[in-house]
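J.:
Chains as they are written, first to last, in the working numbering: chain A, 1 to 480; chain B, 481 to 914.
1) For a contact meaning CB atoms closer than 8 Å, what does residue 831(B) contact in chain A?
2) Hey, is residue 750(B)'s beta-carbon within less than 8 Å of any beta-carbon in chain A?
3) What does residue 341(A) reach in chain B if we use C-beta pairs closer than 9 Å?
4) Sort 606(B), 619(B), 657(B), 673(B) by Cα distance to residue 880(B) and report the nearest one.
5) So, are the CB atoms of residue 882(B) and residue 905(B) less than 8 Å apart?
6) Throw me the rounded Cβ distance for the residue 562(B) and residue 732(B) pair, which I believe falls under 8 Å.
7) What whole-angstrom Cβ distance do residue 570(B) and residue 586(B) have, given they're in contact under 8 Å?
8) In angstroms with no decimal places, state the Cα-to-Cα distance between residue 682(B) and residue 661(B).
9) Between residue 687(B) and chain A, is the shortest Cβ-Cβ distance under 8 Å, so that the two count as touching?
10) Taking the C-alpha atoms as reference points, what is the distance between residue 367(A) and residue 125(A)?
11) Using a 10 Å radius around the Cβ and a threshold of 16 neighbouring Cβ atoms, would you call residue 457(A) buried or exposed?
12) Roughly how many angstroms separate the alpha carbons of residue 763(B) and residue 132(A), rounded to a whole number?
13) Mind reading off the beta-carbon distance from residue 208(A) to residue 298(A)? Whole number of angstroms is fine, and I expect it under 8 Å.
14) Specify the secondary structure class of residue 533(B) as computed by DSSP and reduced to three states.
15) Mind checking whether residue 98(A) and residue 138(A) have CB atoms under 8 Å apart?
16) I'd like to know whether the C-beta of residue 211(A) is nearer than 8 Å to at least one C-beta of chain B.
17) Of all Cβ atoms in chain B, is any one closer than 8 Å to the Cβ of residue 255(A)?
18) Does the Cβ of residue 134(A) have 16 or more other Cβ atoms within 10 Å, making it buried, or fewer, making it exposed?
19) On the criterion of 16 or more Cβ atoms from any shown chain inside 10 Å, does residue 694(B) qualify as buried, or is it exposed?
20) Which residues in chain A sit within 9 Å of residue 772(B), going by Cβ to Cβ distance?
21) What residues in its chain sit with their C-beta under 8 Å from that of residue 118(A), if we drop five residues either side in the sequence?
22) Should residue 744(B) go down as buried or exposed, given a rule of 16 or more other Cβ atoms within 10 Å for buried?
23) Mind pulling the chain B residues with CB within less than 7 Å of residue 54(A)?
24) Where are the alpha helix (DSSP H) runs, 4 residues long or more, that stay fully inside the stretch 57 to 144 of chain A, in chain order?
25) Find the nearest neighbour of residue 311(A) within the set 329(A), 114(A), 286(A), 331(A), judged by alpha-carbon distance.
26) Taking CB distances under 8 Å as the criterion, tell me whether residue 643(B) reaches chain A.
27) Distance, Cα to Cα, residue 816(B) vs residue 612(B)?
28) Rounded C-beta distance between residue 783(B) and residue 169(A)? I'm assuming under 8 Å.
29) Are the stretch 355 to 364 of chain A and the stretch 301 to 315 of chain A touching by the rule of at least three beta carbon pairs closer than 8 Å?
30) Between residue 389(A) and residue 401(A), what straight-line distance do the alpha-carbon atoms span, to the nearest angstrom?
31) At least one CB of chain A closer than 8 Å to the CB of residue 665(B): is that the case?
32) For residue 724(B), return the contacting residues in chain A, with the cut-off set at a CB-CB distance below 7 Å.
33) Give the residues from the stretch 159 to 174 of chain A that approach chain B closer than 7 Å (Cβ to any Cβ), ordered along the chain.
34) Between the stretch 319 to 336 of chain A and the stretch 351 to 358 of chain A, do at least 3 Cβ pairs fall closer than 8 Å?
35) So, helix, strand or coil for residue 811(B), using DSSP?
36) If you measure from the beta carbon of residue 673(B) to each beta carbon in chain A, is any gap under 8 Å?
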């Protein structure tokens with residue numbers, strides 16, 4: 001029996017500047033960015049109650065997002081409507097903006113992270129001519145219904161998803177020489193990983209999947225005459241595959257076999273631990289998660305619960321960094337910026353462009369490997385500079401059509417006596433914690449201030465934008 | 481370290497900034513004893529995560545004034561997705577080839593002349609003059625002998641220069657280690673992130689062009705504050721801010737040499753064309769550029785590859801050839817100081833599939849362009865396409881990509897020895913350099 005999250009000791013990660021406060025640690029990892037309101041909520045209810053609620057996203061009232069989504073009608077439009085679009089690309093673009101809106105304003109934060117995780121694991125580039133109409137359908141019919149369900153169901157649905165079948169060319173795969181793209185990536189990227197099978201297995205994998213195609217209207221279509229008939233064998237799985245009529249169910253049997261394979265459990269558990277724990281997670285944790293995954297028939301909720309209850313998780317404070325998209329989303333969240341109040345979605349477009357400029361527009365990783373999930377994949381000079389310039393914009397009122405509180409709200413409260421007090425209040429609002437003393441002096445020093453000085457409202461008013469920008473540029477924001 | 485010029489409004493706060501600088505220097509003296517990074521790497525088990533900031537290793541930092549930059553430049557172009565080498569450099573009059581590729585194959589009459597065995601895809605015409613002038617060479621049936629047909633693993637093997645995936649750093653990172661210290665711009669990755677070949681201990685500037693290295697915050701003392709905030713982190717991002725600030729400062733004088741710079745019209749208006757133009761700009765500005773990398777994707781053509789007269793393959797080869805040729809033109813005389821080497825993670829299957837494409841194969845193609853290249857030749861040994869010569873139905877890997885990369889790096893950068901650039905592999909030059 002694993003301990004409850006609340007029973008784990010607050011384990012400080014040696015040398016990290018991030019606070020080892022376990023509430024804050026959990027929020028930095030299980031959301032797209034802590035906010036003062038979220039921190040107050042978890043402090044009041046406790047980590048276990050908060051996490052359990054996040055693990056049952058359907059129970060969370062998400063009125064704000066539900067009233068926002070009708071502004072993106074294409075993400076729920078039927079195929080017939082999508083097929084009639086003069087500019088089909090707008091469907092893909094709308095999905096990207098709606099995805100960012102959900103990451104920013106949904107209360108189902110862990111769910112949105114898992115949607116992002118699976119969308120990246122089963123990557124489909126959403127802006128190509130044969131995916132921009134079908135990716136919105138994949139998002140609502142394949143990824144979201146299964147993001148916290150069972151992996152085997154997710155993979156079975158994905159293996160019939162027109163967006164995936166187009167992206168990895170299976171829609172065109174037919175006898176006698178099938179297209180191997182999806183058959184190979186299903187093994188190498190989606191399930192068992194790069195080893196443990198032969199080239200003959202890859203060719204058999206492609207044969208099993210022949211016939212899984214897409215109708216002209218964009219619906220899934222199994223084409224029996226394209227399906228290979230005859231014995232097939234991949235790794236430890238085999239089937240007589242004796243008829244075209246049973247071809248689809250034979251394929252489902254094969255996909256289910258892969259979903260439940262031990263190598264799959266290890267690959268996915270490592271990926272999950274990289275997402276939530278560290279760039280190079282302990283093998284003990286990966287092994288244990290793989291056990292939970294297999295024991296629960298690939299159910300995702302017990303797997304996530306085991307991860308957040310792991311001592312390795314508790315001990316990993318500050319070992320992850322925010323990727324560019326996570327920075328964009330967290331910045332909007334922590335500044336308390338609200339969703340677009342009217343039909344004007346120009347700032348959602350600005351947000352999308354900002355993420356694109358930083359190299360991480362959601363749902364648009366081009367190669368089937370998806371986006372990197374480690375610091376080395378993202379932290380570069382150009383990337384850091386781009387973030388700093390983005391934070392400067394945000395501290396100076398970028399996204400003018402979105403409602404936002406004044407920056408003075410970040411330091412509101414009882415009267416302050418020193419600039420040190422002001423700095424603490426500002427950093428707690430933006431990062432949930434005070435800065436290390438030398439870092440606090442560096443922050444204030446930028447404005448020509450110091451901690452011991454008596455609070456001078458006139459000076460602080462003049463420098464608040466710059467101080468906010470600097471806090472957003474700091475590692476207290478960049479690390480998580 | 482360059483000293484920033486002070487602007488009038490900032491003089492008032494100099495004393496506070498100086499105080500912080502002093503504290504920072506004292507603090508850094510402590511952290512720089514190798515304590516931070518080593519302990520982080522050991523403590524977190526992060527053998528793969530060398531410092532992303534890397535000021536710990538690269539000590540000398542100097543901008544070479546215009547005209548004083550010496551040394552040559554190696555440009556690594558990675559064609560992501562798996563270039564179909566058999567479409568680019570085509571075996572002539574080969575019945576095996578034409579039988580296996582009834583739709584996507586290129587017929588002899590369409591090919592540009594290379595030698596008795598091979599012809600060049602007509603879409604690569606812009607590069608043909610470089611072949612004729614002896615500045616362009618190819619290596620066929622080349623790759624990592626240990627690669628499987630997985631994009632990620634095959635790319636990582638080449639970029640890490642290893643026969644396993646255990647080596648955490650990139651081969652170009654190890655080249656820089658041997659090459660020694662240099663300027664801020666001695667290693668440039670054109671793109672949003674550092675490519676795997678350059679990851680490791682040496683400082684690398686990843687950017688989308690030197691024009692992008694502009695900090696919108698005009699305050700001079702922001703640098704002091706930012707450096708201080710990124711000190712003592714016990715995290716690989718330690719020091720990255722410092723490198724960024726130096727790069728921003730050093731980019732100014734390079735841009736000032738040609739304030740109205742724009743890519744020449746011969747380049748295409750896309751990220752690949754812009755990246756090559758920017759590299760040529762750095763070479764001509766004597767910025768001290770030793771190693772540059774650039775990516776071009778889109779080669780994973782499993783379907784609708786097209787025919788020799790049109791389609792995706794023609795578009796991609798045209799784009800590649802036009803921009804590399806523009807790069808040569810742009811460099812002018814300085815082409816003598818540059819070697820460009822293009823590679824991909826693997827080739828494609830010999831036989832096309834039913835959707836008019838080619839699936840992941842094995843043996844691939846490399847291309848070299850530059851003044852020092854032993855051009856006008858297809859180097860290496862050629863296994864042919866007879867059934868017995870194929871590996872799982874694909875062109876074999878007969879030539880090790882490390883031999884090509886090693887020779888290009890050693891001869892271009894005048895490295896004494898390749899040391900451990902390719903762990904466990906002794907480089908045997910194929911003669912790709914003159």
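Each residue gets a CB set at the ideal place from its N, CA and C atoms; glycine is no exception. The structure displayed is predicted, hence computed values, not measured ones.
T.: So, from the data block:
1) Among the residues of chain A, those whose CB is under 8 Å from the CB of residue 831(B) are 177, following chain order.
2) Output row for residue 750(B): interface = no.
3) For residue 341(A), there are no neighbours in chain B by C-beta distance under 9 Å, as the nearest C-beta there is about 28 Å away.
4) The residue with the shortest Cα to Cα distance from residue 880(B) is 619(B).
5) Cβ atoms of residue 882(B) and residue 905(B): closer than 8 Å.
6) Contact doesn't hold; Cβ gap of about 40 Å is too wide.
7) That pair is a contact at about 5 Å.
8) In this structure, the CA atom of residue 682(B) is about 9 Å from the CA atom of residue 661(B).
9) Residue contact check for residue 687(B) against chain A: a CB pair falls below 8 Å.
10) Taking the straight line from one Cα to the other gives about 8 Å.
11) Residue burial annotation: residue 457(A) is exposed, with fewer than 16 other C-beta atoms found within 10 angstroms of its C-beta.
12) Approximately 41 Å, taken between the alpha carbons.
13) Contact flag wrong, Cβ pair sits at about 20 Å.
14) Low per-residue confidence applies at residue 533(B): pLDDT is 39, beneath 50, and the placement is therefore not dependable enough to give any value.
15) Residue 98(A) is not a Cβ neighbour of residue 138(A), given a cutoff of 8 Å.
16) Cβ-Cβ to chain B under 8 Å: no for residue 211(A).
17) Taking Cβ atoms only, chain B never reaches closer than 8 Å to residue 255(A), which makes this a no.
18) In the assembly as shown, residue 134(A) is a buried residue. Its beta-carbon has 16 or more other beta-carbons within 10 Å.
19) By the 10 Å Cβ count, residue 694(B) comes out exposed.
20) Going along chain A, no residue has its Cβ under 9 Å from residue 772(B), so there is no contact; the nearest lies around 14 Å.
21) Closer than 8 Å at Cβ, skipping near neighbours: 143, 146, 147, 154.
22) Around the beta-carbon of residue 744(B), fewer than 16 other beta-carbon atoms lie within 10 Å, marking it exposed.
23) Here the premise fails: no neighbours, minimum Cβ distance about 26 Å.
24) Under the rule that a run must span 4 or more residues, the alpha helix (DSSP H) segments found entirely inside the stretch 57 to 144 of chain A read 63 to 68, 79 to 83, 89 to 105, 109 to 121, 135 to 138.
25) Closest option to residue 311(A), judged by alpha-carbon separation, among 329(A), 114(A), 286(A), 331(A): 286(A).
26) Not closer than 8 Å to any Cβ of chain A, the Cβ of residue 643(B) fails to qualify, so no.
27) Looking at the two C-alpha atoms, the distance is approximately 16 Å.
28) With 8 Å as the limit, residue 783(B) and residue 169(A) qualify as a contact, their Cβ atoms being about 5 Å apart.
29) The stretch 355 to 364 of chain A vs the stretch 301 to 315 of chain A: no contact.
30) Looking at the two C-alpha atoms, the distance is approximately 20 Å.
31) Under the 8 Å criterion on CB atoms, residue 665(B) is classed as non-interfacial with respect to chain A.
32) Listed along the chain, the chain A residues whose CB falls inside 7 Å of the CB of residue 724(B) are 381, 384, 385.
33) So the list reads 169, 172, 173, 174, given in the order they occur along the chain.
34) Contact between the stretch 319 to 336 of chain A and the stretch 351 to 358 of chain A is present, because at least three Cβ pairs lie under 8 Å.
35) DSSP places residue 811(B) within a helical segment (H, G or I) once states are collapsed to three.
36) For residue 673(B), the nearest beta carbon of chain A is closer than 8 Å to its own beta carbon.
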